[in-house]
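Contents: one structure, followed by commentary.
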Amino acid sequence: ARWNLILDADERLVSGQAQLRALCAQPAEWIGVLPVASTFDLAGPQGSSRVETSTAWLPRLLPGSVRYQGAVHEQPVSALPRRRLAIGIAHTGYRRAALERMRGRNRRLLQAMLAARPDTATATGAEAQAETDADPASQPATAYLRYQLGKDHEVYGEFAAAADQYQRARPGVPAEAAYRHDLIVRLLFCLKCTGELETAILLAEQERARWSQSPDFFFVLGDLLLDWALAHPQDAEQTILPMVEAAWMTCLEIGEQPGLEGTVQGRGSFLAAHNLAVLHAQFGRTEQAARYQRLAREWRGEG
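And the structure:
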């Protein structure tokens, strides 16, 4: 075929069908990068859970001559330009039942791919230079594989192992790489989960200027600072909790940013508003709490 649309078995096309038909009549001279929305189960208090959605932009509309490289989380081997398209794909493979069915599969493949190539953290000379010069569009770099391995640990609640892989990946991720945003946000979250609050806060300070338009960054920063407040109650009310409120307010000021890699739906709207409602309720500010709870319901589409 002139074009190939790539869908995994746990994915379906949900929007943009007419646009897809029109595009496929065009010459196959570029690669289409599509938004893949993944639903996942997030554990809550007292055994509760809620379903959230994150979006990754992946090369899925390929000219017929383009092939993938890699055993898992493959990348197309091509220097053709890439275009983002509003052709939506829904992915259910990160739901709890699906994860249990494929536990260990991706990890084994990622570990085998890493074992077959030098790690830039330890390689020297020509090996390290070859990895540095590698075209990310033509092969999955070591940093990208470690990022994916970190995600595999994270989805199974292995936060310390995930943070280790993200930390090892971070120095090798180019500043312009789209997945750097997701890596940093995930690393902050995993460091929070493992109680490495000082390390996480230092990282947040280093990265803050880069992600001034990321609701995900400030959402996780608010969660991180809340844990810091619980660990330092003497400074909480006067110093730390106002910073928590400011972080979640910044989420609302930025709004949803669906173009960011790995962004979670609601962090720029209803999830941040809900957190602000809970925070105000804890201080007995009933009017403000009711206002943010009302906004959260409206943005979630609950009327």
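Counting in our numbering, the sequence shown runs from 14 upward without gaps.
For each residue, glycine too, the CB sits at the ideal point set by N, CA and C.
Between the alpha carbons of Leu36 and Ala303, how many angstroms are there, rounded? Taking the first residue of the sequence shown as position 1, residue 36 is located at position 23. Taking the first residue of the sequence shown as position 1, residue 303 is located at position 290. Distance between the alpha carbons of Leu36 and Ala303: 47 angstroms.
Does Glu258 come out as helix, strand or coil in the three-state DSSP assignment? Residue numbering aside, residue 258 sits at position 245 when the sequence shown is read from its first letter. DSSP places Glu258 in helix when its eight states are reduced to three.
Please name the residue in Val85, Ile100, Ser78 whose C-alpha comes closest to that of Ser91. On the sequence shown, position 78 is the one that residue 91 refers to. For the residues Val85, Ile100, Ser78, the minimum Cα distance to Ser91 belongs to Ser78.
Member of Arg63, Ile214, Ala290, Glu113 whose CA lies at the smallest distance from the CA of Trp241: Position 228 of the sequence shown, counted from the start, is the residue given in the question as residue 241. With distances taken between Cα atoms, Trp241 lies closest to Ile214.
In chain order, which alpha helix (DSSP H) runs of at least 4 residues are fully inside the region 209-239? With a minimum length of 4 residues, the continuous alpha helix (DSSP H) runs that stay inside the region 209-239 are 210-220.
Cβ contact (3+ pairs, closer than 8 angstroms) linking the region 160-169 and the region 224-242: no
Taking buried to mean at least 16 other C-beta atoms within 10 Å of its own C-beta, is His245 buried or exposed? Within the sequence shown, numbered from 1, the residue matching residue 245 stands at position 232. With fewer than 16 other Cβ atoms within 10 Å, it is exposed.
Assuming Gln306 is part of the alpha helix (DSSP H), what are its boundary residues? If you number the sequence shown from 1, residue 306 lands on position 293. From DSSP, the alpha helix (DSSP H) with Gln306 extends over 299-313.
Which word fits Glu167, buried or exposed, when buried means at least 16 other C-beta atoms lie within 10 angstroms of its C-beta? Within the sequence shown, residue 167 is the residue found at index 154, counting from 1. Residue environment for Glu167: buried (at least 16 other C-beta atoms within 10 angstroms of its C-beta).
Distance check for Gln306 and Glu319, CA to CA, integer angstroms please. Because residue 319 is not part of the residues shown, which for the chain are 14 to 316, the question remains open.
Between the CA atoms of Val64 and Leu216 - distance to the nearest angstrom: In the sequence shown, the residue the question calls residue 216 occupies position 203. In the sequence shown, the residue the question calls residue 64 occupies position 51. Near 28 angstroms, if we compare the C-alpha coordinates of Val64 and Leu216.
Suppose you measure from the CA of Leu308 to the CA of Thr52; what does that come to, to the nearest Å? Numbered from its first residue, the sequence shown carries residue 308 at position 295. Numbered from its first residue, the sequence shown carries residue 52 at position 39. Going from the Cα of Leu308 to the Cα of Thr52 covers about 23 angstroms.
Go ahead and pull the three-state DSSP assignment for Ala43. One-based indexing of the sequence shown puts residue 43 at position 30. Just to set this straight, residue 43 is Trp in the shown sequence, not Ala. It is coil, neither helix nor strand.
By the three-class DSSP mapping on this structure, what secondary structure does Thr263 have? The residue labelled residue 263 in the question sits at position 250 within the sequence shown. Reduced to three states, the DSSP call for Thr263 is helix.
What is the rounded straight-line gap between the Cα of Leu123 and the Cα of Ala249? Working through the sequence shown from its first residue, we reach residue 123 at position 110. Working through the sequence shown from its first residue, we reach residue 249 at position 236. Using only the alpha carbons, I get a separation of about 42 angstroms.
Nearest residue (CA-CA) to Leu26, options Gln39, Glu42, Ala99, Pro271: The residue labelled residue 26 in the question sits at position 13 within the sequence shown. Minimum Cα distance to Leu26 is reached at Ala99.
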